[in-house]
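Peer 1:
Residue numbers (the numbering used here), protein chains in the order written: chain U, 1 to 265; chain L, 266 to 530.
Next comes the structure, spelled out in structure tokens:
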């Protein structure tokens, strides 16, 4: 698996487990390059002193018949779940990769990183991934944020296609990854959740793929009541310009919960 | 001509001519998107309060036979000069476009921009363009900087190909655009010139296309003696990661000469 890692200026391999980590999960079609090249987290990673990890969005070249036929399923579209269908279950295990395998591998390579102090963010499919992984692992991650997340994937075309292909027809299995379902049964420590959604994002207003309002509504029946902030921003679409424009706010948010700034920020 | 413009948060169309401008000239093959998406100037543009203008690197679709056959000549490779050869002289006038036409057009569209307070930066071919335009127009621009500039184009393969194609065989005409020649006869106001060059940049160490050392040496016989800083940085190549990594230093440099920070910076 390819990966990009940004180490802040303050990173010191000799300071064992000293540098917190923000994991950025990218969206459909993306590689580790998109976030590293265009999301603009690095200036703030430097300012606050956290590393940024940019994983890939699926296995590559698994050799599964049909995996390269769609831009929104298979290669580039691993959907941050562990597949159970016969065709995909051996290779498409992005949930375990992000949540378990990757931190161990990176900790071996970069001794200065602190994988007990990790937050999650992501865009679109990656925004869903960040929310799902955070909510499925109460207390493991310090905070989560998302840019235009697929907030209710069991209830939109992208989610139906990917969950159907990776998890099969039993919709009960899909709900185990759906942030809008997961938040209601979450029972761990609560940090505010920061979400931005562009109002010129056609995947939102035209295609109904994102539905952050469903997530917000569900949060009102959860421990996160009053703690989920969905910022609807005019004129912004689904592009990386949108992410880059609000990277500062998300970085400040995570810096606070990663213990890198005082509460007065 | 396509163009990208970043207006800082402080931009106010009602404050006529209040916002200084940094023009970013991109390298061979680039469009206005490369710098806007990957050079990371925007966070610092916001901090200091200058706009960033990202022009294209050539005309597009001029319909000249052969203009699309090379990645380093013709489309995407206008080389910031005014062509005089029969085939190219009607359309390939990037020098006049950047230096004269574009500021007038942008001032009409964005009344808040101050085109009397402009600085130049650029990468590779665009680094050459920034240096050449600055040195050919003494006093017009407040400062110039460059990332891995083609510093002595009359003396390297890229320059020989482009100058030959756009200006013809008379090398005397080439020298009118060569920063390493121009700096020696410059007789205007002097602001320090900031240059970064990656030592893992194959165009530098393998192909001899960049030659910032020639420019530095020439500066010692000029009004810029002691004022040109060529920072050789280990491990960096020719990519936008290199630019993004030093965008902060270049932005601070220009902010100072654009009058946006005190001399204590």
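Even for Gly, the Cβ is constructed at its ideal location relative to N, Cα and C. Since the model is a prediction, treat every value here as computed from it, not as a measurement.
Do you know how far the Cα of residue 25 of chain U is from the Cα of residue 106 of chain U?
Peer 2: Counted from its first residue, the first chain places residue 106 of chain U at position 106. Counted from its first residue, the first chain places residue 25 of chain U at position 25. Cα-Cα distance, rounded: 16 Å.
Peer 1: Mind checking residue 464 of chain L: buried by the 16 CB within 10 Å criterion, or exposed?
Peer 2: Your numbering for residue 464 of chain L matches position 199 in the second chain. Counting Cβ neighbours within 10 Å, residue 464 of chain L comes out exposed, since fewer than 16 surround it.
Peer 1: How would you label residue 216 of chain U, buried or exposed, when you count the other beta carbons within 10 angstroms and need 16 or more for buried?
Peer 2: On the first chain, position 216 is the one that residue 216 of chain U refers to. Residue 216 of chain U is buried by the Cβ-count criterion.
Peer 1: When you compare only the Cα positions, how much space is there between residue 42 of chain U and residue 502 of chain L?
Peer 2: For the purposes of this step, residue 42 of chain U is taken as residue 42 along the first chain, with counting starting at 1. For the purposes of this step, residue 502 of chain L is taken as residue 237 along the second chain, with counting starting at 1. Approximately 18 Å between the Cα atoms of the pair.
Peer 1: What residues of chain L sit near residue 252 of chain U, judged by a beta carbon separation below 9 Å?
Peer 2: Taking the first residue of the first chain as position 1, residue 252 of chain U is located at position 252. None at all; the shortest Cβ gap to chain L is about 12 Å.
Peer 1: Is the number of C-beta pairs between the region 55-72 of chain U and the region 7-20 of chain U that are closer than 8 Å three or more?
Peer 2: Touching, no, given that fewer than three Cβ pairs across the two stretches are closer than 8 Å.
Peer 1: Give the straight-line distance between the Cα atoms of residue 123 of chain U and residue 194 of chain U, rounded to the nearest whole angstrom.
Peer 2: Along the first chain, one-based indexing puts residue 123 of chain U at 123. Along the first chain, one-based indexing puts residue 194 of chain U at 194. Their backbone Cα atoms lie some 12 Å apart in a straight line.
Peer 1: Could you please give the first and the last residue of the uninterrupted beta strand (DSSP E) stretch that includes residue 271 of chain L?
Peer 2: The residue you call residue 271 of chain L lines up with position 6 of the second chain. Segment 268-271, the beta strand (DSSP E) holding residue 271 of chain L.
Peer 1: I'd like to know if residue 303 of chain L contacts chain U, where contact means its C-beta is closer than 9 Å to some C-beta of that chain.
Peer 2: Residue numbering aside, residue 303 of chain L sits at position 38 when the second chain is read from its first letter. For residue 303 of chain L, the answer is yes, since a Cβ of chain U falls inside 9 Å of its Cβ.
Peer 1: If you follow the beta strand (DSSP E) that residue 496 of chain L is in, where does it begin and where does it stop?
Peer 2: By one-based count along the second chain, residue 496 of chain L stands at place 231. Counting along the chain, the beta strand (DSSP E) containing residue 496 of chain L begins and ends at 493-498.
Peer 1: Taking the runs of the beta strand (DSSP E) that are 3 residues or longer, which of them lie wholly in the region 43-103 of chain U?
Peer 2: Qualifying beta strand (DSSP E) stretches, in chain order: 51-55.
Peer 1: Can we say the region 115-134 of chain U touches the region 175-183 of chain U, given the rule of at least three CB pairs closer than 8 Å?
Peer 2: Enough Cβ pairs lie closer than 8 Å, so yes.
Peer 1: For the beta strand (DSSP E) containing residue 146 of chain U, name the first residue and the last one.
Peer 2: Here residue 146 of chain U refers to the residue found at position 146 of the first chain. Taken as a continuous stretch (DSSP letters only), the beta strand (DSSP E) holding residue 146 of chain U covers 145-147.
Peer 1: Starting from residue 513 of chain L, find everything on chain U with Cβ-Cβ shorter than 9 Å and list it in chain order.
Peer 2: Reading the second chain from its first residue, position 248 is the one you call residue 513 of chain L. By Cβ distance, chain U contributes 43, 46.
Peer 1: For residue 35 of chain U, which residues in the same chain have their Cβ closer than 7 Å to its Cβ, ignoring the five residues on either side in sequence?
Peer 2: Taking the first residue of the first chain as 1, we reach residue 35 of chain U at position 35. So the list reads 24, 26, 54, once near-sequence residues are dropped.
Peer 1: Going by C-alpha distance, which of U:210, U:127, U:128, U:98 is nearest residue 115 of chain U?
Peer 2: Taking the first chain and counting its residues from 1, the one referred to as residue 115 of chain U is at position 115. Looking at the Cα atoms, U:98 is the closest of the given residues.
Peer 1: Thinking just about the alpha-carbon of each residue, which of L:358, L:360, L:267, L:522 is nearest to the one in residue 404 of chain L?
Peer 2: For the purposes of this step, residue 404 of chain L is identified with residue 139 of the second chain, where counting begins at 1. Closest option to residue 404 of chain L, Cα to Cα, is L:522.
Peer 1: Would you kindly work out how many angstroms separate the C-alpha atoms of residue 175 of chain U and residue 249 of chain U, rounded to a whole number?
Peer 2: As a first step, residue 175 of chain U is located in the first chain; it is residue number 175 there, counting from the start. As a first step, residue 249 of chain U is located in the first chain; it is residue number 249 there, counting from the start. Answer to the nearest angstrom: the Cα atoms are 30 Å apart.
Peer 1: Alpha carbon to alpha carbon, how far is residue 504 of chain L from residue 80 of chain U? Give it in angstroms, no decimals.
Peer 2: Within the first chain, residue 80 of chain U is the residue found at index 80, counting from 1. Within the second chain, residue 504 of chain L is the residue found at index 239, counting from 1. Spanning the two alpha carbons is a distance of roughly 30 Å.
Peer 1: Which parts of the region 115-174 of chain U are runs of the alpha helix (DSSP H), unbroken and 4 residues or longer, counting only runs that do not cross its ends?
Peer 2: Fully enclosed alpha helix (DSSP H) runs of 4 or longer: 125-136, 157-167.
Peer 1: Which residues of the region 493-505 of chain L have a Cβ closer than 7 Å to any Cβ of chain U? Give them in chain order.
Peer 2: Taking 7 Å as the Cβ-Cβ cut-off against chain U, the residues of the region 493-505 of chain L that qualify are 505.
Peer 1: Grab me the residues of residue 255 of chain U's own chain with a C-beta within less than 7 Å of its C-beta, minus the 5 sequence neighbours each way, in chain order.
Peer 2: On the first chain, residue 255 of chain U is found 255 positions in, with the first residue counted as 1. These residues qualify, in order along the chain: 48, 50, 261.
Peer 1: Cβ of residue 343 of chain L within 9 Å of Cβ of residue 357 of chain L?
Peer 2: Within the second chain, numbered from 1, the residue matching residue 343 of chain L stands at position 78. Within the second chain, numbered from 1, the residue matching residue 357 of chain L stands at position 92. The answer is yes: Cβ separation under 9 Å.
Peer 1: Would a check of beta-carbon distances place residue 277 of chain L closer than 9 Å to chain U?
Peer 2: Indexing the second chain from 1 puts residue 277 of chain L at position 12. No, residue 277 of chain L does not count as interfacial toward chain U.
Peer 1: How is the beta strand (DSSP E) around residue 460 of chain L delimited, first residue to last?
Peer 2: Within the second chain, the letter at position 195 stands for residue 460 of chain L. Segment 458-463, the beta strand (DSSP E) holding residue 460 of chain L.
Peer 1: Considering Cα atoms alone, identify which of L:476, L:442, L:431, L:384 is closest to residue 331 of chain L.
Peer 2: Taking the first residue of the second chain as 1, we reach residue 331 of chain L at position 66. It is L:431.
Peer 1: Whole angstroms is fine: what's the gap from residue 202 of chain U's alpha carbon to residue 158 of chain U's?
Peer 2: Residue 202 of chain U sits at position 202 when you count from the first residue of the first chain. Residue 158 of chain U sits at position 158 when you count from the first residue of the first chain. Between residue 202 of chain U and residue 158 of chain U, the C-alpha separation is close to 14 Å.
Peer 1: Less than 9 Å between CB atoms is the rule here; does residue 259 of chain U satisfy it with respect to chain L?
Peer 2: Reading the first chain from its first residue, position 259 is the one you call residue 259 of chain U. No, no contact with chain L.
Peer 1: Of all the options U:137, U:128, U:144, which has the alpha carbon lying nearest to the alpha carbon of residue 154 of chain U?
Peer 2: Here the question's residue 154 of chain U lines up with position 154 in the first chain. Ranking U:137, U:128, U:144 by Cα distance to residue 154 of chain U puts U:128 first.
Peer 1: What separation, rounded to the nearest whole angstrom, lies between the Cα atoms of residue 16 of chain U and residue 347 of chain L?
Peer 2: Taking the first residue of the first chain as position 1, residue 16 of chain U is located at position 16. Taking the first residue of the second chain as position 1, residue 347 of chain L is located at position 82. C-alpha separation (whole angstroms): 57 Å.
Peer 1: Checking the sheet assignment: what are the DSSP bridge partners for residue 177 of chain U?
Peer 2: Mapped onto the first chain, residue 177 of chain U falls at position 177. Answer by DSSP bridge pairing: none, since residue 177 of chain U is not bridged.
Peer 1: Which class does residue 216 of chain U belong to by DSSP, given the choice of helix, strand or coil?
Peer 2: Position 216 of the first chain holds residue 216 of chain U. DSSP places residue 216 of chain U in helix when its eight states are reduced to three.
Peer 1: With DSSP as the reference, please indicate the residues paired to residue 22 of chain U in a beta bridge.
Peer 2: Residue mapping note: residue 22 of chain U aligns to position 22 of the first chain, counting from 1. Answer is U:52, U:119.
Peer 1: Count the other CB atoms within 10 Å of the CB of residue 208 of chain U; is the residue buried (16 or more) or exposed (fewer)?
Peer 2: Mapped onto the first chain, residue 208 of chain U falls at position 208. Residue 208 of chain U comes out exposed.
Peer 1: Which chain B residues are close to residue 244 of chain U, counting only those with a beta carbon under 7 Å from its beta carbon?
Peer 2: Chain labels in this structure do not include chain B; the protein chains are U and L.
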